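Working notes, beginning with the structure itself.
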Amino acid sequence: MNPSSQFGQEAIANMEIEMMTDLYNRLSKTCHKKCIPPKYHEGDLSKGEAICIDRCVGKFMEVHDRIGKKLTSMYAQDQAAAAAQR
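In UniProt numbering, the protein residues as written are 1 to 86.
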């Protein structure tokens, strides 16, 4: 493997780590704000809080997946249109 391709792979890996960290942080902040009251009554999650977080995370990931698929589809269409113009 030449140094430039290794650098490219490292840059891609670092970008993926940053994107996953951002996704996790946004998910945590959103679901915590929605499901956990500002004043804690117990050290552990209540059943309602746990259910709320489970649903929130599920919806968040479903939307993230849909957006990813839509962007992939749009990118493929753009690539096909660019190839057709050549």
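Ideal placement from N, C-alpha and C gives every residue a C-beta, glycine not left out.
Note that the structure is a prediction, hence the values are computed from the model and not measured.
- Query: How big is the Cα-Cα spacing for Ile51 and Ile67?
  - Reply: As a working note, residue 51 is residue 51 in the sequence shown. As a working note, residue 67 is residue 67 in the sequence shown. Whole-angstrom Cα-Cα distance: 24 Å.
- Message: So for residue 87, helix, strand or coil by DSSP?
- Response: This structure gives no information on residue 87, because the portion of the chain shown stretches from 1 to 86.
- Query: Which value, in whole angstroms, describes the spacing of the CA atoms of Glu62 and Lys34?
  - Reply: In the sequence shown, residue 62 corresponds to position 62, counting from 1. In the sequence shown, residue 34 corresponds to position 34, counting from 1. Answer to the nearest angstrom: the Cα atoms are 17 Å apart.
- Message: Comparing C-alpha positions only, which one of Leu23, Ile53 and Asp78 sits nearest to Pro37?
- Response: Position 37 of the sequence shown, counting from 1, holds the residue named residue 37. The shortest Cα separation from Pro37 among Leu23, Ile53 and Asp78 belongs to Ile53.
- Look at the Cβ atom of Thr30, then the Cβ atom of Phe60, and state whether they are nearer than 8 Å. In the sequence shown, counting from the first residue as 1, residue 30 sits at position 30. In the sequence shown, counting from the first residue as 1, residue 60 sits at position 60. Yes. Within cutoff.
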